[in-house]
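Notes follow the structure.
Number of protein chains: 2
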Amino acid sequence: MAAAADTATDTVTAAILVIGDEILSGRTKDRNIGWIADHCTAVGIQLREVRIVPDIEDEIVAAVNTLRARFNYVFTTGGIGPTHDDITAYCIAKAFGVGIDVDQRALDLLLPYYKASGREITPGRLRMARIPFGADLIENKVSIAPGFMMGNVITMAGVPNIMQAMLEAVTPRLKTGRKMISQAIDLNHPEGAIAEKFGAHQKLFPDVSMGSYPSQRDGKPVNQLVLRCTDELRLEEAAAGLKVKLRDAGYF
Amino acid sequence: MAAAADTATDTVTAAILVIGDEILSGRTKDRNIGWIADHCTAVGIQLREVRIVPDIEDEIVAAVNTLRARFNYVFTTGGIGPTHDDITAYCIAKAFGVGIDVDQRALDLLLPYYKASGREITPGRLRMARIPFGADLIENKVSIAPGFMMGNVITMAGVPNIMQAMLEAVTPRLKTGRKMISQAIDLNHPEGAIAEKFGAHQKLFPDVSMGSYPSQRDGKPVNQLVLRCTDELRLEEAAAGLKVKLRDAGYF
């Protein structure tokens, strides 16, 4: 893994803050958390916490400030549209203690877009050009109205395909650490059968995170053991050692 | 709504705490948050926050204590299986400052089940009978190993069908408040077109929560306005008034 040498020992962490009453009421089922989690793992960012909060200013501001102090990055989704319930941009500005106003860079994107599509420039639509002072814009190739990055907080839309476009657009600006890599071992046995051996093996490899994930196949309990580590050789050592123990006990 | 008279003015709130590295890594996509959210809305509990935290003792204990102080109920999912990474029961005991040990009521459920299915009673399986002192068990009709309710914290499995069985089993023990009811208005227009009228209408009905949820249909932007309130007549008044305004403006 020589290519990652410079950042090889870095751990880069992140949190997600999902903003929206509609997720908490159950009306909308979140599809962004899993997507961002996969993306973080793929690029070498460790997702450490997720919060979902309602469209309430104090809740959003408090969560932004808690999370941005604890993690390298905070990804927010939702609440940057044109209607009165879209208060995320205002809350980010408030969390950082900066002002917010219509941004010329955003206007330069939005005005030609609305003109070309024959839409009126309403105050609501201008609202989508309001960007906290000091933030950098994030391109939205789906519907133009941009996201933004303010300090270590990345503010994106809630609509999944727009969020995905913004996440892709902002990723080159993010620092990343060593990638967490994993190995999975599938077992045709319930996890209770191997719990002691697995726990003892975890104790031998404190630097390798080991989890057990039960499910059912054809009505029978099966189980997947997942080992995760940023050191590929160490991961291989731990996985190979575990397989030998499970084989010798008749489980693999 | 005379049937709900005694609790008609009560607001009962809840949070969800999802525990598990596998959700944060993206390996497993959560399917419990949306289910619990729908369930809370249906029975008259207002879900106010969700957190997802890793399998780290301090993180779990801190989140449990923060959330249980703020909300009427906290639903936890994940981390109550037989393996070393299942630390939720221990963390709940620690959060409440009580002990934890193998519980006779849980043993009475588990031992006959394992005996009947020919499984060994391993220390890992005994681990699933460890219940914080003072907690009430929650029935698990899928795989027997129980959940539990400690104070206002309801601890359930992470496997969706087991979580759902536990949620159903515990619900009769929960107090519920007035149900949040909603009306949706579908518009064949992007939300930017109606943002001002919608915002002005929200100001007239501060007790009715109004949200705008854009999406696409056949490549064209469409929008759903959702009005939510615990007072059915007030909700009808707000929705009817909004429809008139939108119709008069040519949008409905």
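Here the protein sequences come in this chain order: A and B. In this text, residue positions in the first sequence follow numbering that gives the first Met the number 0: the first is 0, and each later residue adds one. In this text, residue positions in the second sequence follow numbering that gives the first Met the number 0: the first is 0, and each later residue adds one. Positions of the beta carbon are idealized from the N, C-alpha and C atoms, including for glycine.
- [ ] Note the first and the last residue of the continuous beta strand (DSSP E) segment covering D185 (chain B).
- [x] 180-186
- [ ] Report yes or no: do the stretch 164-179 of chain B and the stretch 100-111 of chain A share at least 3 C-beta pairs separated by less than 8 Å?
- [x] no
TODO: Measure the beta-carbon distance from F197 (chain B) to T82 (chain A) and round it to whole angstroms, keeping in mind my assumption that it falls under 8 Å.
DONE: 6 Å
Open item on the list: In chain order, what are the residue ranges of uninterrupted beta strand (DSSP E) at least 3 long that sit wholly in the stretch 93-119 of chain B?
Closed with: 99-101
Task: Proximity test, Cβ basis, 8 Å: Q201 (chain B) and chain A - done: yes
Open item on the list: Does any residue of chain B have a CB that is nearer than 8 Å to the CB of E231 (chain A)?
Closed with: no
TODO: For the stretch 154-176 of chain B, enumerate the residues whose C-beta is nearer than 7 Å to any C-beta of chain A, in chain order.
DONE: V158
TODO: Can you give me the Cβ contacts of A4 (chain B) inside the same chain, cut-off strictly under 6 Å, excluding the 5 residues immediately before and after it?
DONE: With a pLDDT of 36 at A4 (chain B), under the threshold of 50, the modelled position of this residue cannot be trusted, and the question is left open.
Open item on the list: I'd like to check one pair, Y250 (chain A) with L186 (chain A): are the Cβ atoms closer than 8 Å?
Closed with: yes
- [ ] Check each residue of the stretch 111-131 of chain B: if its Cβ is closer than 8 Å to any Cβ of chain A, include it; give the result in chain order.
- [x] R118, E119, T121, P122, G123, R124, R126, M127
Task: Helix, strand or coil at F197 (chain B) [DSSP, three-state] - done: helix
Task: Start-to-end residues for the beta strand (DSSP E) that takes in P213 (chain B) - done: 208-216
- [ ] Starting from the C-beta of V49 (chain B), find all residues in its chain whose C-beta is less than 6 Å away, skip the five residues before and the five after it, and write them out in chain order.
- [x] I15, I32
TODO: Please confirm if the stretch 150-165 of chain B is in contact with the stretch 106-126 of chain B, defined as three or more CB-CB distances below 8 Å between the two stretches.
DONE: no
TODO: Assign R67 (chain A) to buried or exposed, taking buried as 16 or more other Cβ atoms, counted over all protein chains shown, within 10 Å of its Cβ.
DONE: buried
Task: Residue interval of the beta strand (DSSP E) (run including P131 (chain B)) - done: 129-131
TODO: Quick one: using the 10 Å Cβ neighbour count with 16 as the cut-off for buried, is D54 (chain B) buried or exposed?
DONE: buried
Task: Contacting positions in the stretch 31-42 of chain A - beta carbon closer than 9 Å to chain B - done: I32, G33, W34, I35, A36, D37, H38, C39, T40, A41
TODO: Determine the closest residue to Q255 (chain A) out of A:A13, A:T229, A:M209, A:E236, with distance taken between C-alpha atoms.
DONE: Shown here, chain A extends from 0 to 251; a query on residue 255 (chain A) therefore has no answer.
Task: Rounded straight-line distance, which links the Cα of D107 (chain A) to that of I161 (chain B) - done: 52 Å
- [ ] Going by CA-CA distance only, name the one from A:G157, A:I143, A:C39 that's closest to V293 (chain A).
- [x] There is no way to answer for residue 293 (chain A), as the model of chain A reaches only from 0 to 251.
Open item on the list: On the CB-based measure, 16 or more other CB atoms within 10 Å of its CB, does F95 (chain B) come out buried or exposed?
Closed with: buried
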